[in-house]
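Beneath this line is the structure, given in structure tokens, with notes to follow.
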Amino acid sequence: MTTRRKSRQVKVGKTAIGGSSPVSVQSMLNTRTTDVDACIRQINELTDAGCDLIRIAVPDEASAAAFGEIAKKTGLPLIADVHYSYKLAHLALDGGAKKIRMNPGNMRDFSEIGALARRMSDAGVPVRVGVNGGSLDPKFKGMKESDALMESALECANAFERCGMRDIVVAIKASDVRTMVEANRKLAAACDYPLHLGVTEAGTLRSGLVKSALGIGALLNEGIGDTVRISLSAPPVEEVLAGKTLLRSLGLKNDCVEVVSCPTCARTEIDVAKLADAVERATAHVRLPLKIAVMGCPLNGIGEGENADLAVAGGKEKSVILLGGKIVERVPTETLMPHFMAMVDDYIAEYSKNRTFEE
């Protein structure tokens, strides 16, 4: 097993980042911050999907005022994403921000860090120094990009440290996966700050998932990383589902359902994609360490089902359902979809009841 890098621990509300705390999953709203109701709807959707930390852009004073309304109505520890203006950071703190993300690429005058750092330290609010390849301070642009990203991040983090602030998270992101990985490896070796991992501007759902899995997954597999965001040009809930899947795949998260399914071939007797997607959507909110397999035929289906908590192996006329690795039922394939979905619901309810009783 990979030894996880030792980092200091900071807290965003009750959620810990770094130290021995689990790797957390983040996302960011894509609604207008001034549309308070839309923001709250999206926050609820992300929370239901298992998002640990939620970030909101604060591009102007109207958004800062709305941020405060959102924080009051949700009661959740929200992160304010601030660029260009220290004033906006202070306004976000007025509104109840539990963490401030600042970008040293466009907040280059560190003379105002002292007042901000003292206020945040007194309030127990951490800062994330977030450096992006697309907005790097020009003074670093003569360097190799991975070195430039690291130096920019450390310069800003050290400025906060000199003002007595210890609760610092650092993120360095690039749209090029190799640059992102190289920069974070260097950063991990140079400091003990908890690291937020992400591939910025990763792209659409397909390309973004691939690039993020490669970059973030490579680092996590080396023990580097304390919180993650899968950045996608897609609904934010997809970021959360992808983040949870990535962590589960690496053995870093066991409070979510893993759905496995076959790629299908000429032997396939059921609509695997439709059923697997339905199971995945129905269990997205479930925080239990379960594995559900949806297989198109008995060839690998029976064997895969033996390694799952609940499984189906499709058949031409009848499909096999396995529970705890044992065949428990053969059902008509034409009624499989509603039958299996009902079994999923019943199994989760029973598992939850027994687990609560055991605890």
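In UniProt numbering, the protein residues as written are 1 to 359. Just so it is clear, CB atoms sit at the ideal spot from N, CA and C, and this is done for glycine as well.
Nearest neighbour of L322 by Cα position, chosen from T31, A342 and G301, turns out to be G301. Within the same chain, Cβ atoms closer than 8 Å to the Cβ of V12 are found at L53, P77, I79, K98, K99 and P126, the five residues on either side in sequence being excluded.
Beta bridge pairing from DSSP links H196 with T227. For T15, the enclosing beta strand (DSSP E) has its first and last residue at T15 to I17. Contact check for T335 against G315 fails: the beta carbons are separated by 8 Å or more. Taking A115 as reference, the option from N132, D81, G134 and M165 with the minimal CA-CA separation is M165. Below 8 Å, too few C-beta pairs join the stretch 106-115 and the stretch 10-24 to call them touching: fewer than three. For G217 against L246, the beta-carbon gap comes to about 6 Å, under 8 Å, which counts as contact. Assignment of V129 by DSSP, reduced to helix, strand and coil, places it in the strand class.
For F160 and I113, the gap between their C-alpha atoms comes out near 7 Å. When the Cα atoms are used, M180 and D37 turn out to be separated by approximately 35 Å.
Rounded to whole angstroms, I70 and P59 show a C-alpha spacing of 15 Å. With 16 or more other CB atoms across the displayed protein chains lying within 10 angstroms of its CB, R55 is buried.
By the criterion of a C-beta distance shorter than 7 Å, V177 is surrounded in its chain by V199, K211, L214 and G215, once the five residues flanking it on both sides are discounted.
For a cut-off of 8 Å, the C-beta gap from S152 to D137 is around 6 Å, short enough to register as a contact. The stretch 337-351 makes contact with the stretch 304-311, as at least three CB pairs between them are under 8 Å.
Counting C-beta atoms within 10 angstroms of its own C-beta, C262 has 16 or more neighbours from the protein chains shown and is therefore classed as buried.
Annotated as distal: L197 and V170, with beta-carbon spacing of 8 Å or more.
Under the DSSP assignment, K244 falls in the alpha helix (DSSP H) whose first and last residues are P236 to S249. Of the candidates V25, A278, E61 and A284, E61 places its Cα closest to the Cα of D94. Taking the Cβ atoms as the reference, S146 lies roughly 4 Å from E182, within the contact range of under 8 Å. Here the alpha carbons of N132 and L232 stand approximately 15 Å from one another.
When rounded, the separation of the alpha-carbon atoms in S7 and Y193 is 6 Å.
Rounded to the nearest whole angstrom, the CA to CA distance from F67 to A92 is 7 Å. Taken in chain order, the complete alpha helix (DSSP H) segments of 4 or more residues contained in the stretch 255-329 are 272-282 and 298-306. Excluding sequence positions up to five before and after V272, its CB lies within less than 8 Å of the CB of S261, C262, T264, V294, M295, G296 and G314, all in the same chain and listed in chain order. Under the three-state reduction of DSSP, R55 is assigned to strand.
Under DSSP, P332 forms a beta bridge with K318.
Judged by beta-carbon spacing, D255 lies within the 8 Å limit of R287, meaning their Cβ atoms are closer than that value. Looking at G203, A189 and A123, the one whose alpha-carbon comes closest to that of L154 is A189. Taking C-beta atoms as the reference points, R128 and R162 fail to come closer than 8 Å. Approximately 5 Å separates the beta-carbon atoms of L250 and L220; this is inside 8 Å, confirming the contact. The Cβ neighbour count for V328, taken over all protein chains shown within 10 Å, is under 16; the residue is labelled exposed. Rounded to whole angstroms, G130 and P289 show a C-alpha spacing of 32 Å. Within the same chain, Cβ atoms closer than 6 Å to the Cβ of F110 are found at A159, the five residues on either side in sequence being excluded. Q26: member of the beta strand (DSSP E) spanning S24 to M28, first to last residue.
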